[in-house]
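Asks: In the numbering used here, the protein residues as written are 52 to 231.
Shown next as structure tokens:
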């Protein structure tokens, strides 16, 4: 309930308390650690977020939500290669959650941006962007970031301006426009 009410510090305290009460064979371990990871993310404690998702996966290695949580935590802590290693295998999953493709796009874009300009390849980024939720404000933002890194500023601006008309007043979008 504390997580649902966005009372992150209270949720963390309760979840930390309950995890010690669970027996070693409890199927709730992974859920408790994933909720801890989400709560840590919300308060900006990214190292704790990372550790919580790693522990969730120790208890349930194939749980898609925990794997995506780990990928997000790795990106949040700047571990780009590890994030890509965690996220890439999930692309063959039958029905990845809606936010998966934009997360993979961000990870792929971050990897490319670490390479010298002459070595950058955009096919993987474009592929995951094509599968990302077209209605999400994040999709045009990542697309514009990719275009800007390719020095196609006019097209990046066009993408963001179109998104601005579809999502008027969105703060993240306005910040992206200001950055461009």
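We put the CB at the ideal spot given by N, CA and C, even for glycine. Keep in mind it's a predicted model, so treat the numbers as computed, not measured.
1) How would you write the range of the alpha helix (DSSP H) that residue 159 sits in, first residue to last?
2) Give the secondary structure of residue 128 by DSSP, where H, G and I count as helix, E and B as strand, and everything else as coil.
3) Between the stretch 188-205 and the stretch 154-170, do three or more beta carbon pairs fall short of 8 Å?
4) Would you say the beta carbon of residue 212 comes nearer than 6 Å to a heavy atom of the ligand COA?
5) If you count every other CB in all the chains shown that lies within 10 Å of the CB of residue 181, and 16 or more means buried, which is it?
6) Three or more C-beta pairs closer than 8 Å, one from the stretch 182-192 and one from the stretch 212-224: is that the case here?
7) Does DSSP classify residue 56 as helix, strand or coil?
8) Quick one, which of 140, 114, 103 has its alpha-carbon nearest residue 124's?
9) Pick from 129, 98, 88, 96: whose alpha carbon is nearest that of residue 118?
10) Tell whether a beta-carbon distance below 7 Å holds between residue 81 and residue 114.
11) With H, G and I counted as helix, E and B as strand and the rest as coil, what does DSSP make of residue 177?
12) Nearest-angstrom Cα distance between residue 13 and residue 148?
Replies: Judging by the given coordinates:
1) 151-164
2) coil
3) yes
4) This structure lacks the ligand COA, and indeed carries no ligand of any kind.
5) exposed
6) yes
7) coil
8) 103
9) 88
10) yes
11) helix
12) Since the first residue shown for the chain is 52 and the last is 231, residue 13 is missing from the structure and cannot be characterised.
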